[in-house]
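Residue numbers (the working numbering): 355 to 542.
Positions of the beta carbon are idealized from the N, C-alpha and C atoms, including for glycine.
Every value quoted in this text rests on a predicted model; they were computed, and no experiment measured them.
Okay, so here's the structure we're looking at.
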Amino acid sequence: ICIHNPLETAMHGATITLPTAFAMDVLADHATVVVTVKTPDGNVVKNTDGKEISKLDAEKPYRIKIEQYGNYSLEFVATDGTNTTRTIVTAIRVSDETAPEVRLKKAIPASHKVGDKITFPELTLSDNVTDVEKIVTWVNVIHPDGTMTYEKDAVELKVEGVYEIRFQALDEAGNITFVTTKTYAEGE
């Protein structure tokens, strides 16, 4: 089986032309190839004309709209004149490249006193693919001396200077978002 213009990746929302394929056989004078295309959730894909791409002639180009993230499966099955078959399965990967959105439910005041403890505000999270409960979050604080610490719920401002607080969110595809705020701790 020979696949013309194989396609490994596609962008969500794009309309693409699927690769075509043909087959050759040294013992039989005739070989045909059919193609079946399935979405990442296992359903047969319809071309832009509304026809299911299931065991259709693989030598013809079909256009589809990419509507799901994940791997679209392309199964090419060649059959020769003696009804011997060979199957090749390829995939078109559709990756999520959009980072999650992160918002602080309330702002952190711009100034404090040394010794104050800042309790971090709750975050509002959203993502185009990953469920909110599956988004991983954490907070890093860069202290006035340049050291960075991981903090869970709060940070104590022990010395005078600027503290940079970074709220971070990671979706299942590995996209990350940073929301950074700064506060100044004034000495006594």
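By DSSP, does residue i sit in helix, in strand, or in coil?
i	result
Lys488	helix
Tyr426	strand
Lys405	coil
Ala412	coil
Val495	strand
Gly515	strand
Lys467	strand
Thr436	coil
Phe521	strand
Ser449	coil
Met502	strand
Phe474	coil
Thr393	coil
Measuring alpha carbon to alpha carbon, tell me which of the options ends up nearest residue i.
i	options	result
Glu476	Phe521, Asn359, Cys356 and Tyr426	Phe521
Asp403	Lys392, Tyr416 and Gly396	Tyr416
Ala523	Val516, Asp499, Asn494 and Met365	Asn494
Tyr423	Ala385, Ala364 and Met502	Ala364
Asp499	Ile489, Lys488 and Gly515	Gly515
Pro360	Met378, Asp395 and Ile442	Ile442
Leu372	Met378, Lys400 and Gly396	Lys400
Pro394	Ala375, His366 and Thr374	His366
Ile370	Glu487, Thr491 and Tyr426	Tyr426
If you count every other CB in all the chains shown that lies within 10 Å of the CB of residue i, and 16 or more means buried, which is it?
i	result
Leu381	exposed
Ile446	buried
Asn529	buried
Asp454	Just to set this straight, residue 454 is Pro in the shown sequence, not Asp. The residue is buried, with at least 16 neighbouring Cβ atoms inside 10 Å.
Tyr504	exposed
Val456	buried
Asp481	buried
Should residue i and residue j be called a contact, given that it needs their Cβ atoms to be closer than 7 Å?
i	j	result
Asp525	Thr478	no
Leu428	Thr452	no
Val496	Phe430	It should be noted that the sequence gives Ile, not Val, for residue 496. In this structure, Phe430 does not lie closer than 7 Å to Ile496 by Cβ.
Ala368	Ile420	yes
Ile407	Val388	no
Asp434	Ala385	yes
Ile519	Thr535	yes
Ile357	Ala377	no
I'd like to know whether the C-beta of residue i is nearer than 7 Å to at least one C-beta of chain B.
i	result
Phe532	The question asks about chain B, but that chain is absent: this structure has only one protein chain.
### Message
Would you call the region 452-472 in contact with the region 496-511, where contact means no fewer than 3 C-beta pairs closer than 8 Å?
### Response
yes
### Query
Taking three-plus beta-carbon pairs below 8 Å as touching, is the region 451-468 in contact with the region 533-540?
yes
### Message
Using 8 Å as the cut-off, can you tell me whether the region 405-417 makes contact with the region 433-447, which would need three or more C-beta pairs spanning the two stretches below that distance?
### Response
no
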